[in-house]
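If you're matching them up, the sequences are chains L and P in order.
When we follow our numbering, the leftmost residue of the first sequence carries the number 1, and every step to the right adds one.
When we follow our numbering, the leftmost residue of the second sequence carries the number 1, and every step to the right adds one.
Just so you know, even glycine gets a beta-carbon here, dropped at the ideal spot from N, CA and C.
The structure under discussion appears below in the form of structure tokens.
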Amino acid sequence: MSAQHRDRSRAAAIAPFLWLGLFFLFPFLLVLRLSLSDIALAVPPYAPQLDLSAGVDGVREFLAALDFETYGRLGGDRLYLAAYLSSMRIAAISTGILLLIGYPIAYAMVRCPPAARRALVLAVILPFWTSFLIRIYAWIAILKPAGLLNAALGAVGVAPLNLLNAALGAVGLAPLNLLNTEAAVHIGLVYAYLPFMVLPLYAVLERQPAELLEAAADLGCTPVQAFWRVTFPMSLPGVAAGALLCFIPMVGEFVVPDLLGGSQTLMLGKVIWTEFFANRDWPTASAVAVALIVTLIVPLTLFQRQQQRLLEGGR
Amino acid sequence: MDPGADGAVTDGRLNIGAIRSSFAPWEDPAAEPLVRFEKVTKRFGSVTAVNAVDLAIYEREFFALLGPSGCGKTTLMRLLAGFETPDEGRVWLGDNDLSDDPPHRRPVHLMFQSYALFPHLTVEQNVAFGLKQQKLPKGEIADRVAEMVALVRLEGMERRRPDQLSGGQRQRVALARALAPRPQVLLLDEPLAALDRKLREETQFELMAIQQRLGMTFMIVTHDQDEAMVLADRIAVMQAGEIVQVGRPTEIYEAPVSRYVADFIGDVNLFEAAAVSAEEGETRFAGPDSPGGYLASTDEGVVLDGGLYLAVRPEKMVMHLDPPPEGPNRLAGKVLDIGYLGDWTTYVVGLESGRTVRAARANSARLVERPVGWDDPVWLTFAPDAAVVLTR
């Protein structure tokens, strides 16, 4: 290998780290530094400030002035804890629903003839061709009291709408009032994240040799038993990948709860937005964001390990 | 079953030869076959994979389906396993008509060519898979698994997963898994194809020993004639969805019924011939390759007509470096090619008629006084009983 070639391959190896350092690590450090600043309802600069002209002493002084005041505030106010728990709960429930819907879809896709399979994979990613924001706006048109859903239900003539509304905890009687409820958030999240659940499941299911099902049948399994003894346990890496791929970003989701959830739905993404832009308390907003990332490190690490195993298993 | 009943156990070891030489239920008209294919036909679209096959397999038999790829042998086996249902005809196991039963209700297990081990389960769990499905008590499952693991010599590997095993070990797990629920027939789909030659030969003998020890009925599908010859009590040779000959390995080799069978099993030289006169037990033939004609032993009468073939195996050709006396079964030519295999040498001899024949000689002496070289003139002869008369 020539020296030039070696240099080039070294540069190629560094490139991803450079990218991550520039566009992830550096902004994250900025946010981290903000979260350790003094609480102030204003735009930057925030105290303390780094005075590089004072040399090492300046750095020392700066570091000494950083504190965890903002984090103390997070612990003190019940609102933040409630938002954390509510975010986790909503993300967890939506992940469950996504699994229940996504698994049968992925399973059915794998059972299709190869040509149809390719078309279906395309169909799953087709929504990405339009803006996420527009698609969520479209749901407002569907879910609002005088929206498409109620028009359709009215046409079919659904009587026990009151019962449904009561169950959903929505105010008022018929028509069905879904918009600005937690149910609407679940609908929006499930809709938006379905491809992230279906594709990893499809990937593991598609890789399963059909012969394993024949072997299971040969050894006495009915098709249903073969599913639970072979197909499902073998697809668990995909289940884990899909669940984490959806759960992690859903915890911090902002657009869906903001547009569909109304004021009642408490989610972290909205809290961060409110702190940044409504309260203009950037240090506290940064602290919420950092706390979220730290909380998500656990599932992220799990996801990483799962991916590793998936890769090794796929040799 | 106790193989000792046949008086075949000597010094505590199984004498497979003794059992096999006395085993021929297909010659007993009173014997009931275990598996019976009755006019079974299977089509895939416009292709007839299996065409009106009749076949009987007996209990404790080691039966081989032999043929090139695409001859329908795998389909025939899958019809017995239940992965295919016959378009016509019936498949019987004893007195039960299996034809419409799904695979999970058939007491017949298959060892897959790819082994199809469950990658998410350990060796132990793989072997126990069928037993759990039979809802056996836990203790019995554990006993049976331990017995099977010992049978295929995988002790110490129980907790490993398939991807932590070698090819040979996986093959044995697949065997143990299929054997554990004690199927009435064990089907083996090219079971040794993925193993290297040395391991394949060892495993062949192991398979035979296991089959005898368990007293089970095995049906193997293979395209490897050596494998079929070594393993099987009887071989069915298949061609284009039909069974062309069923018989013991020696019958198939020494008395093939057609040019196809003769050519598929081992090497063979085929000579066009026309029967000209018949005598007691012998028939004279004329043919373009031998100026002196041919003389072949024939038990049954041969129609005095052309369009026949004489089949002679290369190892039954006798090679002479000096001209033998004139007469029938005498071919003259020169050596075109020599294939030295160590134990055998194969010579390709070009005849004066222009065609080539093969002759094989065992290298029984280390040094030969007059080694045969390329372009040497040689003469080939064969005994009248070395030739098989084929009509098709």
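Name the chain C residues whose beta carbon is nearer than 7 Å to that of residue i?
i, result
"residue 222 of chain L", "Any reference to chain C falls outside this structure, whose protein chains are L and P."
If you drop the 5 nearest sequence neighbours on each side, which residues of the same chain put their C-beta closer than 7 Å to that of residue i?
i, result
"residue 19 of chain L", "none"
"residue 254 of chain L", "269, 270 and 273"
"residue 148 of chain L", "141 and 142"
"residue 185 of chain L", "90, 256, 257, 260, 261 and 265"
"residue 52 of chain L", "58"
"residue 36 of chain P", "56 and 92"
"residue 54 of chain P", "37, 38 and 39"
Could you spell out where the beta strand (DSSP E) holding residue i opens and where it closes?
i, result
"residue 238 of chain P", "234 to 239"
"residue 346 of chain P", "344 to 351"
"residue 111 of chain P", "108 to 111"
"residue 229 of chain P", "Residue 229 of chain P -> not in any beta strand (DSSP E); alpha helix (DSSP H) instead, spanning 225 to 231."
"residue 265 of chain P", "Unbroken run through residue 265 of chain P: none, as it is neither H nor E."
"residue 338 of chain P", "330 to 340"
"residue 294 of chain P", "294 to 297"
"residue 196 of chain P", "First-last for residue 196 of chain P: undefined, no H or E at that position."
"residue 88 of chain P", "88 to 93"
Excluding sequence positions up to five away, which residues of its chain have a Cβ less than 6 Å from the Cβ of residue i?
i, result
"residue 187 of chain P", "77, 81, 110 and 219"
"residue 25 of chain P", "31 and 58"
"residue 392 of chain P", "258"
"residue 145 of chain P", "124, 127 and 128"
"residue 267 of chain P", "314 and 358"
"residue 385 of chain P", "297"
"residue 11 of chain L", "none"
"residue 292 of chain L", "252 and 268"
"residue 90 of chain P", "38, 97 and 99"
"residue 171 of chain L", "Confidence at residue 171 of chain L is low in this model, with a pLDDT of 48, below 50, so its placement is unreliable and the value that follows should be read with caution. Excluding residues within five positions, none has a Cβ falling inside 6 Å."
"residue 5 of chain L", "none"
Quick one: residues in its chain with C-beta nearer than 8 Å to the C-beta of residue i, no 5 flanking neighbours on either side, listed in chain order?
i, result
"residue 300 of chain L", "244 and 248"
"residue 139 of chain L", "184, 187, 188, 191, 259 and 260"
"residue 159 of chain L", "Bear in mind that a pLDDT of 49 at residue 159 of chain L, under 50, signals an unreliable position, so the model cannot answer this."
"residue 32 of chain L", "286 and 290"
"residue 204 of chain P", "192, 227, 230 and 231"
"residue 221 of chain L", "229 and 230"
Mind reading off the beta-carbon distance from residue i to residue j? Whole number of angstroms is fine, and I expect it under 8 Å.
i, j, result
"residue 190 of chain P", "residue 113 of chain P", "4 Å"
"residue 183 of chain L", "residue 256 of chain L", "That pair is no contact at about 12 Å."
"residue 249 of chain P", "residue 235 of chain P", "6 Å"
"residue 197 of chain L", "residue 98 of chain L", "4 Å"
"residue 262 of chain P", "residue 308 of chain P", "With 8 Å as the limit, residue 262 of chain P and residue 308 of chain P do not qualify as a contact, their Cβ atoms being about 13 Å apart."
"residue 284 of chain L", "residue 39 of chain L", "6 Å"
"residue 205 of chain L", "residue 107 of chain L", "6 Å"
Which two residues bound the contiguous alpha helix (DSSP H) that contains residue i?
i, result
"residue 173 of chain P", "167 to 179"
"residue 161 of chain P", "No alpha helix (DSSP H) contains residue 161 of chain P, which DSSP labels as neither H nor E."
"residue 126 of chain P", "123 to 133"
"residue 234 of chain L", "232 to 251"
"residue 265 of chain L", "Premise fails: residue 265 of chain L is in no alpha helix (DSSP H) and is neither H nor E."
"residue 139 of chain L", "132 to 143"
"residue 218 of chain L", "210 to 218"
"residue 26 of chain L", "26 to 35"
"residue 93 of chain L", "78 to 111"
"residue 118 of chain L", "114 to 125"
"residue 154 of chain P", "First-last for residue 154 of chain P: undefined, no H or E at that position."
Report the partner residues of residue i according to the DSSP bridge assignment.
i, result
"residue 309 of chain P", "P/272 and P/390"
"residue 320 of chain P", "P/379"
"residue 251 of chain P", "Note: residue 251 of chain P sits in no beta bridge, so no partner."
"residue 180 of chain L", "In the DSSP output, where bridge partners are listed per residue, residue 180 of chain L has none listed."
"residue 360 of chain P", "P/346"
"residue 225 of chain L", "For residue 225 of chain L, which the question treats as bridged, DSSP gives no partner whatsoever."
"residue 220 of chain P", "P/64 and P/188"
"residue 245 of chain P", "P/237"
"residue 285 of chain P", "P/275 and P/294"
"residue 37 of chain P", "P/55 and P/91"
"residue 96 of chain P", "P/93"
"residue 75 of chain P", "BP columns for residue 75 of chain P are empty, so no partner."
"residue 42 of chain P", "P/50"
Does at least one heavy atom of the ligand ATP sit under 7 Å from the Cβ of residue i?
i, result
"residue 266 of chain L", "Inclusion of the ligand ATP in the displayed structure is not the case, the ligand content being empty and no account of it being possible."
**OP:** Inspect the CB distances between the segment 226 to 240 of chain L and the segment 83 to 91 of chain L and report whether three or more fall short of 8 Å.
**Re:** no
Original post:
For the segment 305 to 318 of chain P against the segment 356 to 367 of chain P, are there 3 or more C-beta pairs whose distance is under 8 Å?
Top reply: yes
Original post:
Are the segment 91 to 99 of chain P and the segment 155 to 163 of chain P touching by the rule of at least three beta carbon pairs closer than 8 Å?
Top reply: no
Subject >> Touch test, the segment 56 to 70 of chain P against the segment 221 to 233 of chain P, Cβ-Cβ under 8 Å, three pairs minimum >> reply: yes
**OP:** Spell out a yes or no on whether the segment 210 to 225 of chain L and the segment 279 to 299 of chain L are touching, meaning 3 or more CB-CB pairs, one atom from each, closer than 8 Å.
**Re:** no
Subject >> the segment 329 to 339 of chain P / the segment 372 to 389 of chain P touching (three or more Cβ pairs under 8 Å) >> reply: yes
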